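Q: In the UniProt record's numbering, the protein residues as written are 1 to 175.
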Amino acid sequence: MNQLKSDEYPAIYSDYIETIVGDIKEELVLQIESFPEFIRSIPGEMGEYAYAEDKWTVKEVLCHILDTERVMAYRALRFARNDMTALAAFEQDEFVASGRHNERSFDSIIEEFIHLRKANLIFFNTLNETELNRKGMASDRLISVRAFIHVIAGHLNHHRIILQERYLKKSNDLA
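#1: Contact between the region 107–117 and the region 55–71 is defined here as three or more beta-carbon pairs at a separation below 8 Å; is this criterion met?
#2: How would you write the range of the beta strand (DSSP E) that residue 136 sits in, first residue to last?
#3: Does the beta-carbon of residue 115 have 16 or more other beta-carbons within 10 angstroms, so that it is buried, or is it exposed?
#4: Can you give me the start and stop residues for the beta strand (DSSP E) that residue 144 sits inside?
#5: Using CA atoms only, rank isn't needed, just tell me which of 5, 6, 4, 11 is closest to residue 140.
#6: Less than 8 Å between the CB atoms is what I'm expecting for residue 152 and residue 84, so what's the real figure, rounded?
#7: Rounding to the nearest angstrom, what Cα-Cα distance links residue 8 and residue 54 in this structure?
#8: Just tell me which of 28, 58, 50 has its CA closest to the CA of residue 41.
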């Protein structure tokens, strides 16, 4: 897959995209193993921990990653199939508030992630250059199919860093 160009995505996604070093497809595949390993390393009692009163819990962050991947892959599908209908934003806080994520086990989150990512990889691998280069409006911003793929991987990286620095630092400090 060709390198992502800055005119393929809005600046709001730069922080996510900048976490990708190297080939995006390799990154997506590596995350299938590394992200479940990371989740398994989180102590079970940390699942419902939030580092501040108005912040999501660990499980809510993990499930937000899944929800976002699903939404971004859907947007990529629409644009890849040449559906240029402008797509509305999704309300991430409402998704989390309605998701009942704290009722889930880490194992179920891992299982969902693996299946979701594998399905998305199969889809991404079917896309040709014309489809990858297609752009459309999502959340009032112009973005390419290729950029959505980078956002998916980079968004996961972004939240993994947040989990490590703001959530899991507490458990590491106690160890």
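For glycine and all other residues, C-beta sits at the position ideal for the given N, C-alpha and C.
All values derive from a computational prediction rather than experimental measurement.
A: By the coordinates alone:
#1: Counting Cβ pairs under 8 Å, three or more are found: they touch.
#2: Here residue 136 refers to the residue found at position 136 of the sequence shown. From DSSP, the beta strand (DSSP E) with residue 136 extends over 135–138.
#3: Within the sequence shown, the letter at position 115 stands for residue 115. Under this definition residue 115 is an exposed residue.
#4: Within the sequence shown, the letter at position 144 stands for residue 144. Counting along the chain, the unbroken beta strand (DSSP E) around residue 144 starts and ends at 141–144.
#5: The residue given as residue 140 occupies position 140 in the sequence shown. Relative to the Cα of residue 140, the nearest Cα in the group 5, 6, 4, 11 belongs to 11.
#6: Translated into positions along the sequence shown, residue 152 becomes position 152. Translated into positions along the sequence shown, residue 84 becomes position 84. With a beta-carbon spacing of about 21 Å, residue 152 and residue 84 fall beyond the 8 Å limit used to define contacts.
#7: Position 8 of the sequence shown, counting from 1, holds the residue named residue 8. Position 54 of the sequence shown, counting from 1, holds the residue named residue 54. Spanning the alpha carbons of residue 8 and residue 54 requires a straight line of approximately 33 Å.
#8: Walking along the sequence shown from the start, residue 41 turns up at place 41. Sorting 28, 58, 50 by C-alpha distance to the C-alpha of residue 41 places 58 at the top.
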